[in-house]
Amino acid sequence: MAEPAGIDRDWPLARLTTVRTGGPADLFARPASPEALVELLAWAAAEGQPVEVIGSGSNLLVADRGLRGLALKLDGELTAIERRGERILTGGGARLPSVSAKAARWGLSGIEFGVNIPGSVGGAVRMNANAYGGQLARALEWADVCSAEGLSRREPDDLGFVYRHSNLDPGQVVARACFALSEAEPEQVKATLAEMRARRREAQPSGIKTFGSTFKNPEDARAEGRSAGQLLEASGCRGLELGGARFSDKHANFVENHAEATTADVLELMAEGRRRVYQRFGIVLEPEVQLIGDVEWPADWDLDPNG
Ligand SMILES: Cc1cc2nc3c(=O)[nH]c(=O)nc-3n(C[C@H](O)[C@H](O)[C@H](O)COP(=O)(O)OP(=O)(O)OC[C@H]3O[C@@H](n4cnc5c(N)ncnc54)[C@H](O)[C@@H]3O)c2cc1C
Numbered sequence: 000m001a002e003p004a005g006i007d008r009d010w011p012l013a014r015l016t017t018v019r020t021g022g023p024a025d026l027f028a029r030p031a032s033p034e035a036l037v038e039l040l041a042w043a044a045a046e047g048q049p050v051e052v053i054g055s056g057s058n059l060l061v062a063d064r065g066l067r068g069l070a071l072k073l074d075g076e077l078t079a080i081e082r083r084g085e086r087i088l089t090g091g092g093a094r095l096p097s098v099s100a101k102a103a104r105w106g107l108s109g110i111e112f113g114v115n116i117p118g119s120v121g122g123a124v125r126m127n128a129n130a131y132g133g134q135l136a137r138a139l140e141w142a143d144v145c146s147a148e149g150l151s152r153r154e155p156d157d158l159g160f161v162y163r164h165s166n167l168d169p170g171q172v173v174a175r176a177c178f179a180l181s182e183a184e185p186e187q188v189k190a191t192l193a194e195m196r197a198r199r200r201e202a203q204p205s206g207i208k209t210f211g212s213t214f215k216n217p218e219d220a221r222a223e224g225r226s227a228g229q230l231l232e233a234s235g236c237r238g239l240e241l242g243g244a245r246f247s248d249k250h251a252n253f254v255e256n257h258a259e260a261t262t263a264d265v266l267e268l269m270a271e272g273r274r275r276v277y278q279r280f281g282i283v284l285e286p287e288v289q290l291i292g293d294v295e296w297p298a299d300w301d302l303d304p305n306g
């Protein structure tokens with residue numbers, strides 16, 4: 000199969016992530032239509048090249064050695080945001096906060112929660128992103144998912160949504176999505192967004208290089224309802240530094256790249272935080288952040304049950 004046009008080599012991925020760490024992708028392309036996306040996915044499958052899609056890179060950690068395979072970043076019509084009556088059609092690469100802001104201007108309610116999630120629509124579907132009780136599955140009507148075989152339309156019930164997870168594999172890319180919203184007063188929706196932004200500013204650090212929540216909130220009964228951030232804080236992780244990475248002073252479940260951290264620094268810090276929580280509470284934290292490439296976990300990542 001002929002190589003599709005527009006594939007770059009050795010493309011640095013760090014700048015496509017919010018934490019700004021990690022190495023290059025062997026291959027990189029920016030498909031701008033569902034057809035171009037399917038062509039790239041089919042070519043990669045035929046060539047045996049692993050594929051990863053980068054959304055806004057806001058929940059991603061790329062291996063320092065980079066990715067042996069093809070990284071995709073959606074472009075062109077795959078980033079569009081359009082109104083159709085009470086619906087909004089978006090590309091999978093559209094930024095979720097922009098969708099929320101446009102919805103407010105158009106007087107459409109139902110996707111306000113996206114204002115504080117600095118990801119793309121496709122990344123939000125893949126991660127089943129959520130904030131302040133808003134539910135993606137409630138607003139999402141369908142998503143067009145491209146794979147090496149072509150395009151198929153999926154409704155929320157077909158996406159296997161559970162906490163911060165869907166059933167999409169790396170070779171399955173959300174190319175388009177449709178949100179069914181309801182009409183509301185634009186000023187009212189804008190006021191809700193402003194209030195949500197203000198609440199977020201109180202609770203989370205801003206202007207730092209981070210990928211948001213590092214670990215998922217545990218379902219373990221021993222957590223007694225405490226979040227991953229509260230467990231890390233109680234284990235003395237707030238402000239803890241390793242190399243150029245540290246757990247944020249403001250939110251212990253946020254890792255901050257404060258001084259040219261490498262992905263290895265971030266992984267060391269994650270392993271240390273996880274070990275401390277395990278030793279103190281017996282709870283094993285699982286990463287929320289998604290890993291790309293050949294990531295090497297520190298030797299102490301696997302917790303010794305005898306502690
Ligand atoms: C400051 C900050 C605050 C955050 N707050 C929240 C929050 O309140 N709630 C919350 O849920 N998350 C939050 N996050 C995490 C993150 O924004 C979400 O997980 C978001 O949905 C990730 O989207 P993305 O486009 O950045 O995906 P990326 O980080 O680029 O990728 C994440 C995963 O999605 C996959 N992916 C990306 N695009 C597509 C696509 N088009 N099709 C299929 N798969 C795709 C990637 O391959 C990867 O596996 C926060 C992050 C930061 C930095």
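Once you know that position 39 of the sequence shown is 38 in numbering that gives the first Met the number 0, the rest is easy, because the numbers rise by one and skip nothing. For each residue, glycine too, the CB sits at the ideal point set by N, CA and C.
- request: Assign Asp143 to one of two classes, buried (16 or more other C-beta atoms within 10 Å of its C-beta) or exposed (fewer than that).
  value: Counting the other Cβ atoms within 10 Å of the Cβ of Asp143 gives 16 or more, which makes it buried.
message: Please state whether the Cβ-Cβ distance between Asp63 and Thr262 is less than 8 Å.
response: Going by C-beta atoms, Asp63 is nearer than 8 Å to Thr262.
task: Specify the secondary structure class of Glu267 as computed by DSSP and reduced to three states.
output: helix
query: In this structure, what does DSSP give as the bridge partners for Glu182?
result: Leu107
field: Closer than 7 Å: Gln48 CB and nearest ligand 1 heavy atom
entry: Checking every heavy atom of ligand 1 against the Cβ of Gln48, none is found closer than 7 Å.
query: Within this structure, are the beta carbons of Glu76 and Ala147 separated by less than 8 Å?
result: Cβ atoms of Glu76 and Ala147: not closer than 8 Å.
query: DSSP state of Val294, grouped into three classes?
result: coil
message: Taking the beta carbon of Asn58 as the centre, do at least 16 other beta carbons fall within 10 Å, making it buried, or is it exposed?
response: Asn58 should be labelled buried.
task: Provide the residue span of the alpha helix (DSSP H) that contains Leu231, from first to last.
output: For Leu231, the uninterrupted alpha helix (DSSP H) segment begins and ends at 227 to 233.
query: Contact between the segment 212 to 221 and the segment 284 to 302: three or more CB pairs below 8 Å?
result: yes
query: Across which residues does DSSP place Val50 in a beta bridge pair?
result: Leu69
query: How long is the line joining the alpha carbons of Arg245 and Asn252, rounded to whole angstroms?
result: Across the structure, Arg245 and Asn252 are spaced so that their CA atoms are roughly 10 Å apart.
field: Any non-hydrogen atom of ligand 1 closer than 7 Å to Pro30 Cβ
entry: no
query: When every heavy atom of ligand 1 is checked, does at least one fall within less than 7 Å of the C-beta of Asn129?
result: yes
- prompt: Is there contact between the segment 230 to 240 and the segment 186 to 206, where contact requires at least three CB pairs shorter than 8 Å?
  reply: no
- prompt: With DSSP run on the structure shown, which of helix, strand or coil describes Gly238?
  reply: coil
message: Please state whether the Cβ-Cβ distance between Gln48 and Leu69 is less than 8 Å.
response: yes
- prompt: Do the segment 118 to 136 and the segment 91 to 104 meet, that is, are 3 or more Cβ pairs less than 8 Å apart?
  reply: yes
- prompt: What's the C-alpha gap between Gln171 and Glu255?
  reply: Cα atoms of Gln171 and Glu255: separation of roughly 30 Å, rounded to the nearest angstrom.
- request: Inspect the beta-carbon positions of Phe178 and Glu140 and report whether they are closer than 8 Å.
  value: yes
query: With a CB to CB cut of under 7 Å and the five nearest residues on each side skipped, what residues in its chain are close to Arg19?
result: Ala13, Lys208, Asn256
- prompt: Helix or strand or just coil, what does DSSP make of Asp143?
  reply: Collapsing the DSSP output to three states places Asp143 in a strand.
task: Just mark Pro204 as buried or exposed, buried being the case when its beta carbon has 16 or more other beta carbons within 10 Å.
output: Exposed.
- prompt: Using the beta-carbon count (16 or more within 10 Å), is Val50 buried or exposed?
  reply: It counts as buried.
- prompt: Are Ala130 and Ile116 closer than 8 Å when you measure CB to CB?
  reply: Going by C-beta atoms, Ala130 is nearer than 8 Å to Ile116.
- request: With a 10 Å radius around its C-beta and 16 neighbouring C-beta atoms as the bar for buried, classify Ser181 as buried or exposed.
  value: exposed
message: I need the DSSP call for Ala130, collapsed to helix, strand or coil.
response: Ala130: strand per DSSP, three-state reduction.
- request: Can you tell me which of the three DSSP states Asn58 falls into?
  value: Here Asn58 sits in coil by DSSP.
query: Can you tell me the Cα-Cα spacing of Ala308 and Ala4, whole angstroms?
result: Since the first and last residues shown for the chain are 0 and 306, residue 308 lies out of range.
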